[in-house]
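Data block below; observations after.
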Amino acid sequence: MLADAIRSETYRLLQNRTAVFWSVFFVPFIALALSIAGAFLIKTKAEQLAGELPPGLATSGPLDLGVAFANNAGGLANPGILAFLLIGAATLYAGDYRWETWRLISARNTRPVLMLGKVGVMKILALAAMLVFLLTSSIADIARGLIFDRPFTFSVGISQAADFGLLFVLSFVRVMQFLMISLLAAVFTRSLLAALFIPLVVGVAQFFLGEAAPALGLGPDDWSAQLLMPGLAFDTLKTLIKGGMEASTLPDGVMIKALVSLALWTLVPLGAAIAWFTRQDLSKE
């Protein structure tokens, strides 16, 4: 039943090519264009300011594409990806209310399965957006290396491969956690605009809460700070994965708090949406 739901929801989403474009392709290619344009601008300004430099100073060090590729995995849950994936999420989660199709449930399927099918399709869409962004980020790294005449190297050790895998999974969890807010908003309001804008409002509110946290006496290792701000939990786990001096300054036990925060912000909205959708009277559509 779940496979049928995923297949049907995927087919219906693909009919809306505009939503797929904005969700998957827009941000990666805009970021690629801006990165290359910025590199050309910096190159031009640097040549104007530097004048005649000794050859040793004019040459940049090698660019390790393996390290750059691993680092790019940590930036996949960026605000652009999160915001534009909401277009696909709102279309998938709330569009059915508009077209009165959520009440057309076949005898061999159930409402929870239908909801999980939609979440499964959003996982596919999120993975597609992340992979495209990862590809364009690598192209941007190569382009910057060519623009600045930097030699290329490629080294991938076990540690770097592990960091890449962990950062990719963590970014994926962060993306899905954000999209679960859209799911809950769609089910409660039956509004496409609410599914699109409520997660943005929540995200902005959490950003300003993070800015005001020191004044409120909230430290990054406090349970309240981690639970109220899943973005902080994501940044904490990302720092721990990357290691280094910054990770060593984090207090003991903060990893558990960050994991609990991300888990709650992902599972609670999902469970609430399924429970509410199961009890809704869809005959009044």
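If you're matching positions, the sequence shown starts at 0 in numbering that gives the first Met the number 0 and goes up one per residue. Positions of the beta carbon are idealized from the N, C-alpha and C atoms, including for glycine. Here the structure is a predicted model, which is why all the values come from computation and not from measurement.
Simplified DSSP assignment, three categories, for residue i
i: ASP140; result: helix
i: PHE147; result: coil
i: ASP63; result: strand
i: THR188; result: helix
i: THR135; result: helix
i: THR152; result: strand
i: ILE75; result: It is worth fixing the name first, because residue 75 is Leu in this sequence and not Ile. LEU75: coil per DSSP, three-state reduction.
i: ALA214; result: coil
i: ASN70; result: helix
i: GLN159; result: helix
i: TYR109; result: According to the sequence provided, residue 109 is Thr. The question's Tyr does not apply to it. Three-state result, THR109: coil.
i: GLN205; result: helix
i: GLN287; result: Nothing about residue 287 can be reported from this structure: the residues present for the chain run from 0 to 284 only.
N- and C-terminal bounds of the alpha helix (DSSP H) containing residue i
i: PHE233; result: 229 to 241
i: MET244; result: 244 to 247
i: ASP221; result: Per DSSP, ASP221 belongs to no alpha helix (DSSP H) and is neither H nor E.
i: PRO250; result: From DSSP, PRO250 is part of no alpha helix (DSSP H); its letter is neither H nor E.
i: SER7; result: 1 to 13
i: THR17; result: 16 to 19
Whole-Å CB distance - residue i paired with residue j, under 8 Å assumed
i: VAL19; j: LEU12; result: 7 Å
i: LEU133; j: ALA38; result: About 19 Å separates the two Cβ atoms, so there is no contact after all.
i: THR235; j: LEU226; result: With 8 Å as the limit, THR235 and LEU226 do not qualify as a contact, their Cβ atoms being about 12 Å apart.
i: ILE5; j: GLY119; result: 4 Å
i: ALA42; j: PHE147; result: It is worth fixing the name first, because residue 42 is Lys in this sequence and not Ala. LYS42 to PHE147, Cβ: 6 Å. Contact.
i: LEU40; j: MET121; result: Actually they do not touch by this definition, with Cβ atoms about 37 Å apart.
i: MET254; j: LEU269; result: Not confirmed; about 23 Å, so no contact.
i: ARG143; j: SER34; result: 7 Å
i: PHE196; j: TRP275; result: Going by Cβ atoms, the distance from PHE196 to TRP275 rounds to 19 Å, so no, they are not a contact pair.
Check: residue i C-beta below 7 Å from any heavy atom of the ligand PLP
i: GLY242; result: The ligand PLP is absent from the structure shown, which contains no ligands of any kind.
Flag this pair as touching only if the region 167 to 176 and the region 198 to 218 have three or more C-beta atom pairs under 8 Å; answer yes or no. no
State whether the region 212 to 224 contacts the region 173 to 193, with contact taken as three or more CB pairs (one from each stretch) at a distance under 8 Å. no
Evaluate contact between the region 247 to 265 and the region 171 to 186, counting only Cβ atoms and requiring at least three cross-stretch pairs below 8 Å. yes
With a threshold of 8 Å, are at least 3 pairs of Cβ atoms found where one atom belongs to the region 133 to 143 and the other to the region 78 to 89? no
For the region 151 to 163 against the region 61 to 80, do three or more pairs of beta-carbon atoms, one drawn from each stretch, fall closer than 8 Å, so that the two count as touching? yes
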